[in-house]
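Engineer:
In our numbering, the protein residues as written are 849 to 1124.
1) Pull the bridge partners of residue 1030 from the DSSP assignment, please.
2) How many Å lie between residue 976 and residue 1031 at the Cα?
3) Short check: CB of residue 867 to CB of residue 1116, under 9 Å?
4) For the beta strand (DSSP E) containing residue 945, list its first residue and its last residue.
5) Return the CA-CA distance between residue 1077 and residue 1088, expressed in angstroms with no decimal places.
6) Measuring only the C-alpha atoms, how far is residue 903 from residue 861?
7) If contacts are defined as beta-carbon pairs under 8 Å, then residue 1141 and residue 894 qualify, I think. What distance do you get, rounded to the angstrom?
8) Ordered along the chain, which non-local residues of its own chain (more than five positions away) have a Cβ less than 7 Å from that of residue 985?
9) With DSSP as the reference, please indicate the residues paired to residue 1013 in a beta bridge.
10) Going by alpha carbons, who is nearest to residue 1034 out of 912, 892, 924 and 1014?
11) How many angstroms separate the CA atom of residue 1059 from the CA atom of residue 1048?
12) Return the residue from the list 1052, 945 and 1101 that minimises the CA-CA distance to residue 991.
13) What span of residues does the alpha helix (DSSP H) with residue 1069 cover, start to end?
14) Can you grab the Cα-Cα spacing for the pair residue 1074 / residue 1064, in whole Å?
15) Starting from residue 866, trace the alpha helix (DSSP H) both ways and give me its first and last residue.
16) CA-CA distance, residue 805 and residue 871?
17) Just to confirm the assignment, what range does the beta strand (DSSP E) spanning residue 934 have?
18) Could you tell me which residues DSSP puts in a beta bridge with residue 984?
19) Taking DSSP as the reference, what is the three-state secondary structure of residue 1002?
20) Quick check on residue 1045: does DSSP put it in helix, strand or coil?
21) Can you check DSSP and say which residues form a bridge with residue 990?
22) Could you tell me if residue 878 is buried or exposed, where buried requires 16 or more neighbouring beta carbons within 10 angstroms of its beta carbon?
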């Protein structure tokens, strides 16, 4: 009796049930693995307020863990880093985690800042912080940094086509009358639907004495070196494309997924043909 009641219910509501299942299949096939499996995906972008010019990444380091951030490598290529005292700044900026480090090599010096806060209202971008410190902003623009594939894609998170990744960052040129700096920065933030509200600022800067292009290229090269230590970049394919690329079994899986909602949609007709 219970089986008969279920079949009657299915027959009476076959259109609604079939359409719901069909919608689920379409959403599933055009989702990415990280959306289904809820992997720890964040986005890196040059603007805090918008989601334009962002790339999806999976973090290798925990920006919310003070000890792990402090353990970020002191050696980057031929650069050697020395930590700066941030005890007063951490409190004034209401930062949860903060690392400020000076990296030197024989020909240049670069300052790295990693700052994380859960309080967006107190998270002042460099365009606010530098003027507050007495700097004038001479230039504000976007820069593109190419992260080489060999280091950026290490770690078999999933298969991807080998290609370099491009990252958009903000560029500032600031001057306080005594010194002139070039600044590159971007934000690490959760995806739109994430429950997390943590925001991380990654900023590199260097003094310039009229050799802006050389200093800018040095900063871009340094940023290109440190990002593979922080993130894994993966340009995800939707599940449907994964299945299609997997060959015969993938096509069979797609056929089966579509068969069930279509069968439910046309169940009353199949039943009438059977008894006709």
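Positions of the beta carbon are idealized from the N, C-alpha and C atoms, including for glycine.
Structural biologist: Here's the rundown:
1) According to DSSP, residue 1030 bridges with 1021 and 1054.
2) Roughly 13 Å separates the two Cα atoms.
3) For residue 867 and residue 1116, no; Cβs fall outside 9 Å.
4) Bounds of the beta strand (DSSP E) holding residue 945 are 945 to 953.
5) Across the structure, residue 1077 and residue 1088 are spaced so that their CA atoms are roughly 31 Å apart.
6) Each residue's alpha carbon lies about 43 Å from the other.
7) The structure shown does not extend to residue 1141, since the chain is modelled only from 849 through 1124, so no value can be given for it.
8) Excluding residues within five positions, the ones whose Cβ falls inside 7 Å are 975, 978, 979, 1020 and 1022.
9) According to DSSP, residue 1013 bridges with 995.
10) Of 912, 892, 924 and 1014, the residue nearest in Cα terms is 892.
11) Rounded to the nearest whole angstrom, the CA to CA distance from residue 1059 to residue 1048 is 30 Å.
12) Nearest of 1052, 945 and 1101 to residue 991, Cα basis: 1052.
13) Run containing residue 1069: 1060 to 1078, per the alpha helix (DSSP H) assignment.
14) For residue 1074 and residue 1064, the distance between alpha carbons rounds to 16 Å.
15) Per DSSP, residue 866 belongs to the alpha helix (DSSP H) from 862 to 877.
16) This structure leaves residue 805 out entirely; the chain is present only between 849 and 1124.
17) Note, residue 934: premise wrong, no beta strand (DSSP E); not H, not E.
18) Residue 984 has 1023 as its beta-bridge partners, per DSSP.
19) Note on residue 1002: pLDDT 39, under 50, position unreliable in the model; the coordinate value appears next. If DSSP states are grouped into helix, strand and coil, residue 1002 belongs with coil.
20) In the structure shown, residue 1045 sits in coil (DSSP, three-state: anything other than H, G, I, E or B).
21) Answer is 1018.
22) By the beta-carbon neighbour count (other beta carbons within 10 angstroms, threshold 16), residue 878 is exposed.
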